[in-house]
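S.K.:
Below you can see the structure in the form of structure tokens.
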């Protein structure tokens, strides 16, 4: 049985950026199929009593995260620029990703949008930026953005977020294998893929 | 110039356990000298408004941390048993470590105490357990425990904790190189040691 993994990512999440850029190659080498699962961290943080990113709530932790991300992206040869404000409003981005089929299009749009957000520091709630990411992914922008506003897509994104919370996800990126093992963070990507390859 | 690194650790910190067990070998291979710097996270967490470990404040994060630590220690061949309560009161342990010379004795005591705490699940505020760790490290227990109660040791530990906070440390384990680069977490041990080896 070929391995499969659920990749839960949030467009406002800093460490989801390197994970999204890496997971395709790491999973392919191991023969593992990736299911791209965009979700929202906001409702999960809110249920912990947080009103913003923990990186803003604890400034020293935030400063170290930005420096760490700088070191990580440099090591990977990825461009890096901090978006302002942080965190970005990721609702429309997550709805667009949800609306796209998980047949390569969703992944391509997601990678393109992360590159604009954390590689160029652009605002991902800006329709022009969302349109650029769609075009980079080879997807006609206007119909995708229109579809993302539909009731069905809103409900689907809410369902994914509720599923994430029910599966004990508390941050992003997170990886869940078919046998229910949860791994949190870009640092655990390799370990999660190995687990998925081993345990189906 | 040979590399040097400051290893800031907290006896109540779960991820300080694998870091303390690994750092000697990783640093030796790179020719880096380790300065063992026990400190207290309590005052730092308190300044963020927290009254206990963030792993207790966010239960899903806590559950994942314990599972992650289980996977990490299994991978390293280290015994693992969750101490109760968590976090342990680490004040006396940190004072004893502070009182010991950083010439191998402090490291030996620290490793022995981590093994009892997270390998056997024992209480590190128990004088009997502290005595066992000292004896394992080849240090006469009674004089070390007596010295740890002295005013000078209390002030020295407070100074290390204040230094950690001034240097932007927000969690444990943390590593600071001579040129001021801060790395957080057991996951960053190798990267921190490489940095220290490269930058003196």
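Protein chains in written order, with the UniProt record's numbering: chain S, 1 to 200; chain F, 1 to 200. All C-beta atoms, glycine included, are put in the ideal place defined by N, C-alpha and C.
#1: Should residue 46 of chain F be labelled buried (16 or more other beta-carbon atoms within 10 Å of its own) or exposed?
#2: Looking only at its chain, what residues have a beta carbon closer than 6 Å to the beta carbon of residue 27 of chain S, apart from the 5 residues adjacent to it on each side?
#3: Of all the alpha helix (DSSP H) runs that stay within the bounds of the segment 61 to 103 of chain S, which reach a length of 4 or more residues?
#4: If we cut at 7 Å on Cβ distances, does residue 170 of chain F have a partner in chain S?
#5: Indicate whether at least one CB of chain S lies closer than 7 Å to the CB of residue 186 of chain F.
#6: Count the other CB atoms within 10 Å of the CB of residue 84 of chain S; is the residue buried (16 or more) or exposed (fewer)?
#7: Ends of the alpha helix (DSSP H) at residue 140 of chain S?
#8: Please report the distance separating the alpha-carbon of residue 144 of chain S from that of residue 54 of chain F.
#9: Against chain F, which members of the segment 63 to 96 of chain S pass a CB distance test of less than 8 Å?
#10: Listed from N- to C-terminal order along the chain, which residues in the segment 39 to 65 of chain S have their beta-carbon within a distance smaller than 7 Å of any beta-carbon of chain F?
#11: What did DSSP end up calling residue 9 of chain F once you bin it into helix, strand or coil?
#12: Taking just the CA atoms, how far does residue 103 of chain F sit from residue 69 of chain F?
#13: Is the beta carbon of residue 200 of chain S closer than 7 Å to that of residue 3 of chain S?
#14: Could one say the Cβ of residue 100 of chain S lies closer than 7 Å to chain F's Cβ atoms, at least one of them?
#15: Measure the CB-CB distance between residue 133 of chain S and residue 116 of chain S and report whether it falls below 7 Å.
#16: Could you compute how far the alpha carbon of residue 97 of chain F sits from the alpha carbon of residue 113 of chain F?
#17: What residues of chain S sit near residue 134 of chain F, judged by a beta carbon separation below 8 Å?
#18: Between the Cα of residue 40 of chain S and the Cα atoms of S/31, S/174 and S/22, which residue gives the shortest distance?
#19: Report yes if the CB atom of residue 8 of chain F is closer than 7 Å to the CB atom of residue 169 of chain F, and no otherwise.
M.R.: Well, looking at it:
#1: exposed
#2: 34 and 193
#3: 91 to 99
#4: yes
#5: no
#6: Residue 84 of chain S should be labelled exposed.
#7: Run containing residue 140 of chain S: none; DSSP gives neither H nor E here.
#8: 40 Å
#9: 63, 64, 67, 68 and 71
#10: 48, 58, 60, 61, 63 and 64
#11: In this structure, DSSP gives residue 9 of chain F an extended state, which the three-state scheme calls strand.
#12: 29 Å
#13: yes
#14: no
#15: yes
#16: 10 Å
#17: Going along chain S, no residue has its Cβ under 8 Å from residue 134 of chain F, so there is no contact; the nearest lies around 33 Å.
#18: S/174
#19: Contact: yes.
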